[in-house]
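Participant: Under the working numbering, think of the first position of the sequence shown as 14, with each following residue one higher.
Heads up, the beta-carbon is just placed ideally off N, CA and C, and yes, glycines get one too.
Predicted model, so just to flag it, every value in this text is computed and none were measured.
Could you have a look at this structure, given as structure tokens, before my questions?
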Amino acid sequence: MKKSTLLHRISVSVGTLSYLSLCIAGAAFAQEPVNEDETVERIQVTGSNIRGANMEGAQPLTVLTSDDIARTGASTISELMRTVTQARGGVGTFDTTQSGATSTSTPPGQAAASLRGIGPSSTLTLVNGRRIAASSFAAGTENFVDINSIPASAVERVEILATGASAIYGADAVAGVINYILKDDYEGLELSTNYENTTNSNDHGVLNFQMLWGKNFENSNLTAFVDYYDRKAIRAVDFSQTREPILQSSYSYLAKGQPNIYFNSARDGNEMPAPNCADELTITEFGEEICAYYANEDDYFETPLETLSGGFTYTYQGDNLTWRTDLLASHTKSTSFSTPAPINQVDDEEGAWIGVDALDVLDETTRNSIFDNLYVDPFDTVAGRELEGFQYDARFSSPRTVEIETDAIRLVTSVLGYFGDWEWEAGALYSRSESEQVATQGIYNRYLYTAAAHGELCENGNIAQYNSDDDSLSCAGSNLLSAYNPFLVGDAQNDAILGLTQARPTRDGTSEVFGVDAKINGEIAQFNGNAVLLAAGVEFRREEITDMPSLDSQARAENDFLVDVFGFGSSASAADRNQMGIFTEVFVPVSDKFDISLAGRFDDYNDFGSTFNPKVGFTYRPLDNLVLRGSWSTAFRAPSLTQAGVQLRTTRASFDCSVNSAVADLYCEGQGTVRGNNVLELGNPALRAEESETYSFGFAYSPTDNTHITVDYWTFDHEDIVDTNMTGVLNEAITDASLRHCGVLDEGEIGISYLEDLCLVTDSQGNTIEDDGANLTEILDAWVAFDDPRFAELPLFRDHILLLDNTGTQELEGIDWNVTHDINLSRGTLELGLSGTHYLTYDRNRPGSDQIESLAGTFLYPETVATAELFYVEEDWYVGAYVFYTGSYDDDIIRLRGREIDELIDIGAITEENQERDVSSWTTVTLSAGYYFDNADIRLTVDNLFDRDAPTAYGSGRGFDAYNHDPFGTRYTLAFSYYFQ
14 MKKSTLLHRI SVSVGTLSYL SLCIAGAAFA QEPVNEDETV ERIQVTGSNI
64 RGANMEGAQP LTVLTSDDIA RTGASTISEL MRTVTQARGG VGTFDTTQSG
114 ATSTSTPPGQ AAASLRGIGP SSTLTLVNGR RIAASSFAAG TENFVDINSI
164 PASAVERVEI LATGASAIYG ADAVAGVINY ILKDDYEGLE LSTNYENTTN
214 SNDHGVLNFQ MLWGKNFENS NLTAFVDYYD RKAIRAVDFS QTREPILQSS
264 YSYLAKGQPN IYFNSARDGN EMPAPNCADE LTITEFGEEI CAYYANEDDY
314 FETPLETLSG GFTYTYQGDN LTWRTDLLAS HTKSTSFSTP APINQVDDEE
364 GAWIGVDALD VLDETTRNSI FDNLYVDPFD TVAGRELEGF QYDARFSSPR
414 TVEIETDAIR LVTSVLGYFG DWEWEAGALY SRSESEQVAT QGIYNRYLYT
464 AAAHGELCEN GNIAQYNSDD DSLSCAGSNL LSAYNPFLVG DAQNDAILGL
514 TQARPTRDGT SEVFGVDAKI NGEIAQFNGN AVLLAAGVEF RREEITDMPS
564 LDSQARAEND FLVDVFGFGS SASAADRNQM GIFTEVFVPV SDKFDISLAG
614 RFDDYNDFGS TFNPKVGFTY RPLDNLVLRG SWSTAFRAPS LTQAGVQLRT
664 TRASFDCSVN SAVADLYCEG QGTVRGNNVL ELGNPALRAE ESETYSFGFA
714 YSPTDNTHIT VDYWTFDHED IVDTNMTGVL NEAITDASLR HCGVLDEGEI
764 GISYLEDLCL VTDSQGNTIE DDGANLTEIL DAWVAFDDPR FAELPLFRDH
814 ILLLDNTGTQ ELEGIDWNVT HDINLSRGTL ELGLSGTHYL TYDRNRPGSD
864 QIESLAGTFL YPETVATAEL FYVEEDWYVG AYVFYTGSYD DDIIRLRGRE
914 IDELIDIGAI TEENQERDVS SWTTVTLSAG YYFDNADIRL TVDNLFDRDA
964 PTAYGSGRGF DAYNHDPFGT RYTLAFSYYF Q
């Protein structure tokens with residue numbers, strides 16, 4: 014988006030919403046004035062619409078103040094949320110470590126926070142108590158709010174309620190709510206800068222500049238901020254722990270830069286190594302020598318990211334109303350990378366074809382050695398010729414690279430006033446996120462590349478026309494190029510021909526939210542001398558989302574669902590939705606010691622129906638310093654707009670043979686491995702909303718004025734989770750012939766695509782795999798006898814078409830705790846703290862099976878995460894440390910290939926008898942110190958002070974768990990602020 018367009022939209026939005034709020038305010042000024050001396054500020058906290066009630070200790074609310082944020086040294090909200098125990102553990106919270114250039118990666122430059130590891134779409138993100146537009150690019154099919162669009166420097170505090178809250182806020186608050194409160198009511202000018210880097214010899218620098226300005230006017234305040242953030246890339250090869258592959262057996266046959274010769278073209282049936290492999294050859298499990306590829310050489314842990322954000326908050330305080338308008342705007346640029354794309358045949362089968370003369374560039378000895386073991390076979394070209402040649406295994410040299418720019422704006426205006434003793438508030442919201450992505454490197458058109466390799470590409474980039482009568486090629490108005498030769502390395506003319514086949518697919522997305530709401534607060538009765546308080550309101554919200562890739566990255570039925578480019582998918586979706594909500598909440602002080610809160614919300618959606626969600630809570634204060642609390646509630650998450658509007662999404666889906674023995678026998682040679690395949694996902698109009706039931710019970714105890722203890726038990730029962738379920742579809746296909754197809758599926762069909770030749774074999778009754786009643790075990794045996802494949806499994810083809818579905822349930826329960834104690838000394842205060850989360854249960858059904866798996870303590874799901882802190886604080890300085898602990902958990906050995914398990918046995922990581930191991934617990938120390946001058950302060954934060962390596966995780970291709978650990982070693986942040994009075 015052009016900057017001028019963004020500014021225009023901001024100005025239009027400001028004008029429209031300001032006009033609307035002035036209309037509301039005008040009506041408010043006409044109401045009966047309230048005696049200012051009798052007006053008391055009523056405080057509202059996250060998780061309740063009630064103002065003025067004694068809610069202290071009533072909810073398991075975690076609050077991070079601006080001082081807390083400064084002490085962590087976090088420059089982004091993403092960095093900050095990695096310190097919150099309720100957002101640690103599992104795979105829900107993600108940052109740019111998981112981003113990449115393909116549709117299976119998280120969107121470049123973006124990050125999301127997830128409570129309880131349930132997923133970012135089940136955590137409601139608010140700014141100043143109201144919603145913000147989701148990213149237009151989903152993570153998979155999960156819509157999420159990009160927390161990188163919220164500058165950490167503008168945040169006054171963060172309030173986290175890690176329990177179901179749909180009775181208050183409506184959809185998405187399944188796991189809870191994170192509310193970012195922006196700074197306001199500021200006077201003066203503050204200029205700040207941060208510099209962050211690792212102690213590694215490479216430059217991983219991060220530079221951050223911030224400005225905060227505020228001024229009081231008569232009856233009003235204007236506070237504005239600007240934040241600039243610039244981060245350099247961090248690569249796996251920068252660190253000794255990840256410079257080499259974690260296992261030598263975790264190789265790919267698809268060499269980079271020099272092709273291996275495909276085993277089907279070898280007379281002995283073994284892959285032949287690339288003639289000029291730059292690295293030492295790798296011996297495969299079949300005894301072959303190949304030029305191997307390892308993904309770590311192109312892996313990025315952090316991608317380049319540049320963000321410019323700004324905004325303001327304007328507050329007007331009249332005699333009987335408060336008018337507030339806040340604007341948040343950001344512009345983000347990022348680049349992300351994925352491994353180089355595989356080179357396949359035009360129809361995406363393995364083993365691209367090349368003419369025999371490609372080997373002429375090799376020295377005679379090497380060429381003759383290859384020819385002695387080479388089958389030369391005929392093949393058809395894209396222009397329609399028949400040539401003779403052989404097949405090769407390779408990938409392109411350049412990583413798949415995309416650049417993305419995102420513009421986001423959010424404008425809210427609201428008016429708060431009084432009718433007598435009743436408080437009312439009305440507001441309007443407009444929020445928009447718009448992203449533009451372009452592939453800049455490493456993406457090649459499959460037709461042009463194949464034509465170039467066969468000498469059929471013209472100088473103008475078109476494919477030559479073939480005349481079979483005289484066996485000639487012609488280029489109308491252009492010249493025919495020589496053939497591109499993948500075996501010729503470092504030749505400028507050859508590289509220029511390859512450059513003509515490069516593609517630059519694009520992707521454009523927009524997400525918008527418009528909402529209006531109104532609510533009232535006040536006393537409705539007296540009970541035992543205490544006020545019974547009521548809050549009630551209505552909300553209307555309209556959401557729209559589009560995600561449109563360019564035509565050359567879309568799978569289309571007229572092209573047999575082949576994407577025009579190699580190794581690059583997309584997600585095409587468009588949907589909109591109207592939602593109306595009505596909500597109420599009652600606070601009943603039954604006695605001076607016992608309170609009850611009741612809440613309920615009815616939401617109606619124009620696309621999938623309506624839902625009602627209640628909540629019941631209580632607080633009991635048997636002692637002045639002890640609060641017992643509990644709640645029960647239901648919550649829901651409507652299918653995301655991306656899930657509702659997916660037209661066709663090209664992606665990779667995994668099926669898990671460890672959960673279903675029938676699937677394992679047919680597709681995994683009986684092994685419990687996880688396999689991945691290219692699939693096409695379709696939206697499902699029959700999707701149901703995800704639903705959750707939540708209980709929490711706990712206490713808050715303050716034995717002294719300086720000691721505070723909270724402990725809470727919580728449980729979630731989460732049903733109808735939306736996802737694709739390839740394991741389940743493979744299992745259903747065993748008995749359902751409508752899901753079994755030889756070759757590419759036709760438009761309108763769903764199910765599994767097998768190699769077309771599979772229909773050449775039958776079971777003992779003469780049934781092909783497409784026939785009702787076919788015995789798939791017998792067909793597998795017939796296929797092995799017919800084709801003699803390398804692996805005795807049913808041969809899957811490509812582009813299986815799967816519907817999104819409500820795949821299953823999960824149940825979680827655990828305990829949160831937080832203990833703080835201050836020791837007042839003669840000159841300062843010693844502050845101690847200990848907080849954490851322990852998962853008692855994290856159970857879910859395995860996709861494709863009714864079997865329940867317990868995730869707590871398994872791969873990626875530590876049972877315990879905790880943080881301890883010790884700080885000494887004086888008036889003008891502080892020093893202290895955080896200790897971050899992540900518990901151990903099982904490594905994911907069962908899903909590794911047999912060759913990888915053999916290597917682990919060889920190196921002593923596991924034994925033949927016991928093929929299990931743990932990923933070690935991880936404890937790191939963060940040092941934090943700061944000094945306050947009269948008009949300035951300086952702060953130093955050192956993460957991972959003792960430079961501890963991330964625990965080894967063989968179940969991850971990276972060699973470590975990127976969700977719960979990081980490989981960066983020691984990182985430091987130096988921050989300086991100056992204040993103008």
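1) Taking the CB atoms as reference points, tell me whether THR781 and THR775 lie closer together than 7 angstroms.
2) At what residue ranges does the region 705–736 contain a whole run of the beta strand (DSSP E), taking only runs of 3 or more?
3) List the endpoints of the continuous beta strand (DSSP E) containing THR378.
4) For LEU267 versus ARG459, is the C-beta spacing smaller than 7 angstroms?
5) Please check the pair ASP144 and SER491, which I expect to be a contact at CB under 8 angstroms, by giving their CB distance rounded to whole angstroms.
6) Who are the near neighbours of THR822 in its chain, counting only those whose CB is closer than 8 angstroms to its CB and skipping five residues on each side?
7) Would you identify the three-state DSSP class for SER253, choosing helix, strand or coil?
8) If you count every other CB in all the chains shown that lies within 10 Å of the CB of SER263, and 16 or more means buried, which is it?
9) Per the DSSP calculation, GLY227 is bridged to which residue(s)?
10) If GLY685 and SER667 are in contact, beta carbons under 8 angstroms, what's the gap, nearest whole angstrom?
11) Kindly indicate the opening and closing residues of the beta strand (DSSP E) around GLY1017.
12) Have a look at the DSSP bridge pairing and note the partners of PRO602.
13) Compare the beta carbon distance of SER709 and SER610 with 7 angstroms and say whether it is the shorter of the two.
14) Please report the distance separating the alpha-carbon of GLY113 from that of ALA881.
15) Under 7 angstroms, Cβ to Cβ, is there at least one residue of chain D near ARG857?
16) From this set, LEU220, SER322, SER265, ARG930, which residue's C-alpha is nearest ARG244's C-alpha?
17) Tell me which same chain residues have a C-beta within less than 6 angstroms of the C-beta of GLY900, skipping the five on either side of it?
18) At what residues does the beta strand (DSSP E) containing LEU825 begin and finish?
19) Give the secondary structure of TYR976 by DSSP, where H, G and I count as helix, E and B as strand, and everything else as coil.
20) Given LEU139, which residues of its chain have a CB within under 8 angstroms of its CB, disregarding the five upstream and five downstream residues?
21) I believe ILE247 touches TYR313 by the beta-carbon criterion, under 8 angstroms. Please report the beta-carbon distance rounded to the nearest angstrom.
22) Determine the extent of the beta strand (DSSP E) in which ARG170 is found, giving its start and end residues.
23) In three-state terms, what does DSSP make of PHE799?
24) Just the C-alpha distance for SER959 and PRO562, rounded to the nearest angstrom, thanks.
25) Starting from the C-beta of PRO286, find all residues in its chain whose C-beta is less than 7 angstroms away, skip the five residues before and the five after it, and write them out in chain order.
26) Below 7 angstroms between beta carbons: does that hold for TYR275 and GLY364?
27) So, at 6 angstroms on beta carbons, what are the nonlocal neighbours of TYR985 in its own chain, with the 5 sequence-adjacent residues on each side left out?
28) In this structure, does DSSP put SER1033 in helix, strand or coil?
29) So SER553 and GLY528 are in contact, right, with Cβ under 8 angstroms, and what is the actual spacing, rounded?
30) With distances taken from CA atoms, which of TYR329, GLU172, ASP159, SER205 is nearest THR236?
31) Where do the N-terminal and C-terminal ends of the beta strand (DSSP E) with GLU319 fall, by residue?
32) Quick one: grab the DSSP three-state call for TYR405.
33) With a CB to CB cut of under 6 angstroms and the five nearest residues on each side skipped, what residues in its chain are close to VAL168?
34) Buried or exposed: where does GLN864 fall if 16 or more other Cβ atoms within 10 Å of its Cβ makes it buried?
35) What residue range is occupied by the uninterrupted alpha helix (DSSP H) comprising THR85?
36) Can you list, in chain order, the stretches of the beta strand (DSSP E) that have 3 or more residues and sit fully within the region 624–708?
Facilitator: Let's see:
1) yes
2) 720–736
3) From DSSP, THR378 is part of no beta strand (DSSP E) but of the alpha helix (DSSP H) over 377–384.
4) no
5) Looking at the sequence provided, one finds Arg at residue 144 rather than Asp. Their Cβ separation, rounded to whole angstroms, is 54 angstroms, which puts ARG144 and SER491 out of contact at 8 angstroms.
6) ASP730, HIS731, GLU732, ASP733, ILE734, ARG857, ASN858
7) helix
8) buried
9) GLY201, THR236
10) About 13 angstroms; that fails the 8 angstroms criterion.
11) Absent from the model: residue 1017. The displayed extent of the chain is 14 to 994, so no value can be given.
12) ASP608
13) no
14) 34 angstroms
15) The chain labelled as chain D is not found in the depicted structure, where only one protein chain is given.
16) LEU220
17) PRO875, GLU876, THR877, SER934
18) 818–837
19) coil
20) THR59, ILE145, TYR182, VAL190, ILE191, ASN192, TYR193
21) 7 angstroms
22) 168–174
23) helix
24) The identity of residue 959 in the sequence shown is Phe, whereas the question assumes Ser. Whole-angstrom Cα-Cα distance: 46 angstroms.
25) ASN273, LEU294, GLU302, ILE303, CYS304
26) yes
27) VAL955
28) This structure cannot settle anything about residue 1033, because the visible part of the chain is limited to 14 through 994.
29) With the sequence shown as reference, residue 553 is identified as Phe, and Ser is not the correct amino acid for it. Their Cβ separation, rounded to whole angstroms, is 6 angstroms, which keeps PHE553 and GLY528 in contact under 8 angstroms.
30) TYR329
31) 318–330
32) strand
33) TYR193
34) exposed
35) 79–85
36) 639–650, 659–669, 687–695
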